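There are 2 protein chains.
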Amino acid sequence: MNKEVNKTYPDTSKSLPIAMLRAREAMMLSFRPVLAKHGFTEQQWRVLRVLGEKGDSDAGQVAFDACILAPSLSRIIGKLEKDQYISRFVDAKDGRRVNLSLTSAGKEILNKIAPDVELIYNAIQKRYGEEKLSTLIDILGEVSEWRGR
Amino acid sequence: MNKEVNKTYPDTSKSLPIAMLRAREAMMLSFRPVLAKHGFTEQQWRVLRVLGEKGDSDAGQVAFDACILAPSLSRIIGKLEKDQYISRFVDAKDGRRVNLSLTSAGKEILNKIAPDVELIYNAIQKRYGEEKLSTLIDILGEVSEWRGR
DNA sequence: TGCTAATATTTAATATGTTAAGTTTTATAA
DNA sequence: TTATAAAACTTAACATATTAAATATTAGCA
C-alpha cells in the first residue's frame, strides 16, 4: 500500500503519462544520488552510457538513444566536452554531422559508476522479479511506437 | 517495427527508466499540441486536472498528485493564479499550508480541453487494448512504490 | 511557557525540456 | 549548374527539474 499517509491517488492514477512519471520518479530517487555523488546528472549519465554501449555516434543518434532533444543535447555535450569526458568532431564526409566519442577519462568514469548503478537495478529486479519487469519493458516498447493520430 | 531508419536501440533498451521515458514521450507527442493550442504546458495541465478531480487541495497534496516537486509547483501556481485559473489562500487552521482552488474560469477551461485529451487517450486505448494498458498501469503502480533498498 | 525540532512553502542557482528561429552543409530538381 | 529545399546542429527564450537554503508556522517537550 501507499506509504504516504493522507495522500490518496486521484483519478489521474488511470493516466498513463502520470503513471509512467510516478514510476520513473520512484526509481530515479534511488539512482540519482549515486550519479550525483560523482557529479553527474541523470541526462549526462545517459549520454555517457549510450556512447559506452554503442561506441562513437553522431549527435542525432545519441539524442535518439538517450531520449534527449537536440537542443538539450547540444548543451550537455558542451559540458561533457569541457570536462573532457567526451570529444566532439565534425564528420569528414558530412559537414553537418557531429561525431561524439568517449575519452579515456570518460570510459574510466563510466566503468567506475556502472557497478553502483547495476547494484540498484539488481535490487529492483530482485524485488519485482524478472518476468514482471520484462513484461513491463515489452509493453513500454510497444507504447513507444505510438505515433499519434 | 521501429520507424526510425538507421536508428537502433542500444542496450539501454533494457533500462526501465529510459523505457518509461521513451514511452511517455511517445504519448506526450500527441498530448502536448492539444494543450499548447490552449496555451498550457503539460505540468500546468496536470495541476488543473488534479484540482478538478480531487477538489480544493493544499499545495503539498497537489504536488504529490500531479507528481511535481514543490519548488516547481510554487512557480506554476504563481502563473496559474496570475492568469486567474486558480485561487490561492493560506489555510485558516495551519498558517503554513496554502490551499488551492479552481476558479470558474479554471473549471471552464478544464471542461473545454478535457474532451480533446480524452479523444487521444481513447485512440491509444483502442490501439493497444484495455487489458494491456491496465496491466501496464498495474505494474507501474507497483514500481511506483519502490522506495530504494 | 519557552526552546527546539519538524512542517509547508518559497527563493535561489544550475541544468534540462520545449518550441522556434538561425547556421551551415548537403541533397534535389529544373 | 544553380537556386531551393531538406538535414543536422546550435542558439535563444521561456518553463520546468533538482538540490539546497531561507521563511514562516506549528508541534513537542523540558
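For the protein sequence lines, the chains are A and B, in the order given.
This note's numbering applies: residue 3 is where the first sequence begins, and numbers increase by one.
This note's numbering applies: residue 3 is where the second sequence begins, and numbers increase by one.
Where a beta carbon is used, it is the ideal one built from N, C-alpha and C, also for glycine.
Because the structure is a prediction, the values reported are computed rather than measured.
Item	Value
Coarse secondary structure for Ser76(A), derived from DSSP in three states	helix
Validate contact between the segment 77–95 of chain B and the segment 116–130 of chain B using beta carbons, cut 8 Å, 3 pairs	no
Whole-angstrom C-beta distance between Leu53(A) and Ile88(A), which should lie under 8 Å	7 Å
Span of the alpha helix (DSSP H), counted from its first residue to its last, around Arg90(A)	Arg90(A) -> not in any alpha helix (DSSP H); beta strand (DSSP E) instead, spanning 88–92.
Endpoints, the alpha helix (DSSP H) within which Ser103(B) is located	Segment 100–104 is the beta strand (DSSP E) holding Ser103(B); no alpha helix (DSSP H) there.
Whole-Å CB distance - Gln46(B) paired with Leu82(B), under 8 Å assumed	6 Å
Outcome for Ala61(A) when other beta-carbon atoms lying within 10 angstroms are tallied against a minimum of 16	buried
Contact with chain A by Lys16(B), beta-carbon distance below 8 Å	yes
Neighbourhood of Val119(A) by C-beta distance below 7 Å, restricted to the same chain and skipping five residues each side	Phe33, Val36
DSSP bridge partner residues for Asp140(A) (one or two, in chain order)	Bridge partners of Asp140(A): none, in fact.
Beta-carbon proximity check, Leu18(B) vs Ile139(A), cutoff 8 Å	yes
6 Å Cβ shell around Asn8(B) - same chain, five flanking residues per side excluded	Unreliable placement is indicated for Asn8(B), whose pLDDT of 41 sits below 50; no coordinate value is reported for it.
Local conformation of Ser146(B) per DSSP, three classes	coil
Short Cβ contact (8 Å threshold) for Gly150(B) with Leu31(A)	yes
Closer than 9 Å at the beta carbon, the chain A residues around Gly41(B)	The contacting residues do not exist; Gly41(B) stays about 19 Å from chain A at best.
Selected residue, minimal CA-CA separation from Leu50(B), among Ser106(B), Glu133(B), Arg26(B), Arg129(B)	Ser106(B)
Beta-carbon proximity of Ala21(A) to Glu147(B), cut-off 8 Å	no
8 Å contact criterion, which Tyr157(B) and Val100(A) should meet: CB distance rounded	Because chain B spans 3 through 151 in this model, residue 157(B) falls outside it and cannot be assessed.
Interface residues of chain A facing Tyr130(B) [CB-CB closer than 7 Å]	Glu144, Val145
Spatially closest choice to Leu112(B) from Lys95(B), Ala25(B), Phe42(B), by CA coordinates	Phe42(B)
Assigned exposure category for Ala72(A) - 16 Cβ within 10 Å defines buried	exposed
Closer than 8 Å to chain A by CB, Ile178(B)	Residue 178(B) falls outside the range modelled here, since chain B spans only 3 to 151, and no answer is possible.
Integer-rounded CB distance, given that His40(B) should sit under 8 Å from Ile141(B)	Actually they do not touch by this definition, with Cβ atoms about 32 Å apart.
Sub-8 Å separation of Ala68(A) and Arg98(A) beta-carbons	no
Residue closest to Asp58(B), alpha-carbon to alpha-carbon, out of Gln86(B), Lys84(B), Phe91(B)	Phe91(B)
Contact list for Ser74(A) against chain B, beta-carbon separation under 9 Å	Those within 9 Å of Ser74(A) in chain B number zero; the least Cβ separation is about 12 Å.
Cβ-based contacts, 7 Å cut-off: residues of the segment 71–97 of chain B near chain A	none
Beta-carbon spacing of Arg26(A), Leu23(B) below 8 Å	yes
Rounded straight-line distance, which links the Cα of Gly143(A) to that of Val64(B)	30 Å
Simplified DSSP assignment, three categories, for Glu6(A)	With a pLDDT of only 38 at Glu6(A), under 50, the local geometry of the prediction cannot be trusted, and the value read off the model is given with reservation. DSSP places Glu6(A) in coil when its eight states are reduced to three.
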